[in-house]
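Here's the structure, in structure tokens; my notes come after.
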Amino acid sequence: MIKTLQPKRPSRLLGRRQLLGLMGGLAAGRVLASFRQAQASHGELGGQPFSPPEAITPMPASWLGQGIKRPEGTDLMLALDQQIYPALLPFAMNFGKQQGLKLGALEGTCGLASAAISEKTADITGMCCPPGIIDRLPGVQFHTIGISAVAFITHRGNPVTNISWEQARAFFSGDSRNWTDLPMSGVSVKGEVRAITRLHCKPRPGHWSLLIGDPDKFARQALDVPAIKDMIIEVSQTPEAIGWETLYHIEDNAKRGQVKALTLNGIDPSDREAVASGRYPFYRVMGITTWKDAPAANPMARRLADELLARSGDIDKRYGIVPAGQLRRNGWKFKDNELIGEPG
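Note that numbering that gives the first Met the number 0 has the sequence shown beginning at 0, numbered continuously upward.
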């Protein structure tokens with residue numbers, strides 16, 4: 000049995016000052032600073048795809064001695080991002096039924112999952128981003144389910160069908176501001192580009208930072224929206240707009256607005272083989288966490304995590320998740336169950 004719960008309060012990330020105080024101040028600050036320097040050196044604009052797995056954030060002894068705080072009557076508690084939640088829920092429900100466990104589940108953002116780690120309120124969490132240094136707390140283990148392609152999207156009336164990685168960077172950085180800057184023969188797109196961004200999960204690598212690693216280097220005139228639904232609505236209603244989103248969320252929000260997914264470097268974001276090989280460069284990482292140390296560790300939670308990893312290849316294709324096993328076969332780098340590097 001599984002019970003879907005609603006958060007008692009909006010999830011939030013710890014502010015940097017709060018986090019540094021909890022982590023031990025200057026030592027944690029040096030870790031964060033070194034990671035930002037690495038981000039800045041990764042390509043001309045793109046950020047680091049992953050954070051260093053050895054960069055564990057220190058926590059006080061009082062935190063280390065805490066167990067998981069679950070709702071009364073719940074055997075296992077899950078807190079999952081809004082794409083990984085529906086993808087994994089059927090397998091979790093089946094596991095709970097087979098084992099006679101009462102599972103609780105929260106659906107939300109990566110912020111909700113991150114808060115569940117730092118507050119120790121979930122046995123398993125799930126994010127659509129690789130872990131940031133702030134997520135790498137003592138005893139937390141990361142397990143990659145797979146990756147999901149992110150598509151550049153435009154208004155359906157826009158005749159553009161393809162964009163290169165460099166052209167996308169130019170549009171979102173403000174270096175190019177007009178659709179006529181695209182070298183397209185026979186196609187005239189009038190109007191200034193309206194870049195729509197959703198700069199979520201700033202403390203984490205990957206996702207949108209693969210395009211432009213520093214949020215301050217996005218165009219000043221870009222419109223940053225807070226939620227997926229707002230991205231779809233804005234792009235669907237703005238003829239000159241360009242934004243991004245995963246194919247699952249495009250489909251899931253189709254009632255809010257119709258948008259068009261572009262090919263990137265001539266590659267369709269629905270081409271799972273291209274995503275698996277690394278030829279499609281824009282993606283999100285879908286992963287879960289468990290605890291390895293007492294008193295937070297739970298053997299049944301680890302068994303459930305193992306089941307979810309084993310069944311990752313069986314996830315419904317509509318969720319657009321290329322499983323970890325396929326990534327391993329294509330040369331992506333792993334440390335234990337965690338994806339830590341691109342192929343090559």
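Where is the CB? At the ideal position from N, CA and C, for every residue including glycine.
Asked	Found
How about Glu244 and Ala150: do their beta carbons lie closer than 9 Å?	yes
So, helix, strand or coil for Ser147, using DSSP?	strand
Arg168: which of Asp80, Ala78, Gln325 and Gly242 sits nearest, CA to CA?	Gly242
Ala54 and Ile132: beta carbons closer than 9 Å?	yes
With distances taken from CA atoms, which of Phe49, Gln47 and Ser61 is nearest Pro294?	Ser61
Where does Met92 sit, in a helix, a strand or coil, going by DSSP?	helix
Going by the beta-carbon positions, is the gap between Met58 and Leu136 smaller than 9 Å?	yes
Can you check DSSP and say which residues form a bridge with Phe141?	Thr288
Within a Cβ cutoff of 8 Å, which residues of the same chain sit near Trp290, ignoring the five residues on either side of it in sequence?	Ile67, Asp122, Gly138, Val139, Gln140, Ala296, Asn297 and Ala300
Residues bridged to Pro322 by DSSP?	Gly145
Leaving out five residues on either side along the sequence, give the residues of the same chain with a beta carbon under 6 Å from the beta carbon of Val274.	Ala148 and Val321
Which same chain residues, not among the five before or five after Phe49, have their C-beta less than 6 Å away from its C-beta?	Pro129, Pro204 and Ile339
Among Leu44, Gly99, Thr120 and Gly265, which residue has its Cα nearest to the Cα of Thr288?	Thr120
Can you say whether Arg328 is buried or exposed, counting buried as having 16 or more other CB atoms within 10 angstroms of its CB?	exposed
Just curious, the beta strand (DSSP E) that Trp356 is in, first and last residue?	In the structure as shown, the chain begins at 0 and stops at 343. Residue 356 is therefore absent and cannot be evaluated.
Look up Val224 in the DSSP assignment and say whether it is helix, strand or coil.	coil
Would Leu263 and Pro280 qualify as a contact pair, given that the criterion is a beta-carbon distance under 9 Å?	yes
Could you tell me the alpha carbon to alpha carbon distance between Thr56 and Arg283, rounded to whole angstroms?	23 Å
With a cut-off of 8 Å, do at least 3 Cβ pairs link the stretch 95-105 to the stretch 69-86?	yes
Please report the straight-line C-alpha distance between Met126 and Leu307, rounded to a whole angstrom.	14 Å
Any idea which residues DSSP pairs Val159 with across the strands?	Answer is none; Val159 lacks a bridge partner.
Is DSSP giving Phe171 helix, strand or coil here?	helix
Pick out the complete alpha helix (DSSP H) segments inside the stretch 85-133, 4 residues or longer, and give them in chain order.	109-117
State the Cα-Cα distance for the pair Ile232 and Ala240, rounded to the nearest angstrom.	11 Å
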